[in-house]
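Residue 294 in my numbering sits at position 104 of the sequence shown, and the numbers go up by one each step. Every residue gets a Cβ at the ideal spot worked out from N, C-alpha and C, and that includes glycine. Here's the structure, in structure tokens; my notes come after.
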Amino acid sequence: MKKKNVVDLKNITVKFDDDVVLDDMNLSIKDGEFVTLLGASGCGKTTTLRIIAGFVQPDSGDVLFEGERINEVPAHKRSVNTIFQKYALFPNYNVYDNIAFGLRISKVPEPIIKERVAEMLKLVNLEGFEKRSVDKLSGGQQQRVAIARAVINRPKVLLLDEPLAALDAKLRKDMQNELKNIQRQLGITFVFVTHDQEEALSMSDTVIVMNEGKIQQIGTPIDIYNEPQNAFVADFIGESNILDGIMKEDFKVCLDGCDFDCLDKGFAKNEPVDVVIRPEDVDIVPEEKGMLTGEITSVTFRGVHFEIIIDVQNFKWMIQTTDEHKVGEKVGLFIEPDAIHVMKKSKYSGQFGDYSSYSDEIDELSIVEESDDE
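Structure below.
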């Protein structure tokens, strides 16, 4: 059965002074989805969340909830709850009273509150913590209390504004899995904001990539990673080699003067295009067997693989491989047709591409870190 839209944003524009934060945004969010708004700081993702919550009014456009316009509906009357990066738990309340707070404000009878709090404690794996002071909880436990408090009144939509940002790396991964499991059990819509690409790809049903107040692409995590729509998305989601190409004809693109078979079609004959090739999709082969040839300029061990920079006609490719190679080696690159993704030229063409500065950037970062330690 086709899922209905629970939230629709129609032609939403938001300006702060002279800055356009959201630029004529259109977005539909389906009931029961785990949706992630992904982008760097200042891209408009948190403002989008606040529009849905009712904390910010759009300068123009409509906010629809289950088909009804709710622009003038105040935040506390929307069937939406928000979890912020700072959980805003009540330090003078224990776990039980924090979770029960929203129901008590709504004057729900105590026997029902007791039943619902027990249900929430089980959901977030905090059974037996009812009387514990929230100040005595770990960051992950406080996160769980915040989730339980937010969902106990059964909102249609739960908004999460970078809620895992304050947690350490291991706990963050654990909470990513827990959040996804909680969302599946509850079956309500989660709208999650993050700047972390891995987090977005691992948790979401749908990823919305944003930049400069505009949506760059909407899709499943696999689609966003494998089929980026422009150079910004290709660069922002994981590592990418982005090259200038010429689409000779359907299923054939020219890179560095060489023709490659690909799976793309529908471009004009000899149309200039951007070509993205992921580092893990290129095989390093003996020089004489390569479709392109170059020299290795950098090798970095990353634990599960090596990151290798190869200079091919002054374009620095990044290749990820489990095979060890040495700086100075002359090698060939072999690329299968399904590893080549052709994109239309966009305003981001030429802004992203090779890894010429990759080694230098690492050196600069290490110098900065050393000076910070001092």
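Exposed or buried, which one is residue i when buried takes at least 16 other CB atoms within 10 Å?
i    : result
K193 : exposed
V443 : buried
T512 : exposed
S328 : exposed
P264 : exposed
F382 : buried
Q407 : buried
L293 : buried
G447 : exposed
S578 : No answer is possible for residue 578: it lies beyond the span of the chain, which begins at 191 and ends at 564.
Q366 : buried
Alpha carbon to alpha carbon, what distance is there between residue j and residue i?
i    : j    : result
Y415 : P299 : 49 Å
L199 : L254 : 6 Å
K479 : I405 : 42 Å
Y283 : V324 : 7 Å
F426 : Q541 : 12 Å
S561 : A340 : Low local confidence applies: a pLDDT of 40 at S561 is under 50, so the model's placement there is unreliable, and no value is given.
E559 : I467 : Here E559 scores only 43 on pLDDT, less than 50, and its place in the model is too uncertain to base an answer on.
V399 : P301 : 44 Å
M533 : N420 : 6 Å
P469 : M481 : 16 Å
R268 : F319 : 30 Å
L445 : P476 : 20 Å
K535 : T410 : 22 Å
Is the separation between the beta-carbon of residue i and that of residue j shorter than 9 Å?
i    : j    : result
Y277 : P345 : no
H495 : P418 : no
D351 : T236 : yes
G251 : N195 : no
L376 : L313 : yes
I500 : E485 : yes
V211 : K205 : yes
D440 : K455 : yes
Q331 : L348 : no
F224 : K370 : yes
Y286 : K321 : yes
F450 : I525 : yes
T384 : L239 : no
V502 : T490 : no
V307 : I289 : yes
What are the boundary residues of the alpha helix (DSSP H) that includes residue i?
i    : result
G409 : Taken as a continuous stretch (DSSP letters only), G409 belongs to no alpha helix (DSSP H), being part of the beta strand (DSSP E) at 404-409.
D287 : 285-295
I337 : 329-341
M533 : No alpha helix (DSSP H) contains M533, which is instead part of the beta strand (DSSP E) from 531-534.
V298 : Here V298 belongs to no alpha helix (DSSP H), and DSSP marks it neither H nor E.
What are the boundary residues of the beta strand (DSSP E) that includes residue i?
i    : result
N578 : Because residue 578 is not part of the residues shown, which for the chain are 191 to 564, the question remains open.
G522 : 520-525
V399 : 396-401
T576 : Summary: the structure shown does not reach residue 576, with the chain confined to residues 191 through 564, and so no result is reported for it.
May I ask you to check if the CB of residue i is nearer than 8 Å to at least one heavy atom of the ligand MN?
i    : result
Q373 : The ligand MN is not part of this structure, which contains no ligands at all.
Query raised in the report: Do the segment 460-470 and the segment 425-436 make contact, defined as three or more Cβ pairs closer than 8 Å?
Result: yes
Query raised in the report: Hey, is the segment 394-404 in contact with the segment 516-534, meaning 3+ C-beta pairs nearer than 8 Å?
Result: no
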